[in-house]
Amino acid sequence: MQAAGDIMVGLFHALEDYIKPGITTWDVDHFAYEYIVAHDATPGELNFEGYKYSTCVSVNDMICHGCPSKDILVKDGDLLKVDTVINYHGYLSDSCHAFVAGTPSPEVKKTHGSDP
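Quick note on UniProt numbering: the sequence shown kicks off at 1 and runs consecutively.
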């Protein structure tokens, strides 16, 4: 279980640098997929009951478990919630983390502090 958790922590650290204005939520999902498989693990959400993504990505006030999309462009100040499951040789890690793209908006600062 520790190894699965370590991969999750590493993914979230990598996403801190990757998430920025101008990408799409599909880009975030693709990045997560590549990171997870590069660490000899599999995305636990992928193909679960027909779900075709490695993550759920929600932007701002979007309800949780949003489907990644090439049509959802991340803007400066957006709050992204990335939820995923990592399966490392049968051991699972399930977590969600919030990220800010660029400079946090006043609303994000008010509701989540300056560092979500």
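Positions of the beta carbon are idealized from the N, C-alpha and C atoms, including for glycine.
Can you look up residue i in the DSSP assignment and give me helix, strand or coil?
i	result
A41	coil
P106	helix
I63	coil
D78	coil
A101	coil
L46	coil
Y51	coil
M8	helix
I19	coil
DSSP beta-bridge partners for residue i?
i	result
D83	C56, C96
T24	L73
Y88	Y91
I need the straight-line Cα distance from residue i to residue j, nearest angstrom please.
i	j	result
V9	D71	28 Å
P106	I7	32 Å
F12	C96	9 Å
I86	C64	18 Å
T5	A38	Looking at the sequence provided, one finds Gly at residue 5 rather than Thr. For G5 and A38, the distance between alpha carbons rounds to 15 Å.
H89	A41	7 Å
V57	I19	12 Å
L92	G44	8 Å
Residue i: which of the options sits nearest, CA to CA?
i	options	result
V59	D40, L92, V28	V28
Q2	D94, F99, A14, V57	D94
K52	I36, D61, S69	S69
Do residue j and residue i count as a contact pair if the criterion is CB distance below 9 Å?
i	j	result
P21	K75	yes
F100	G77	Going by the sequence as given, residue 100 is Val instead of Phe. Yes. Within cutoff.
T55	T24	no
H112	L79	yes
V82	A14	no
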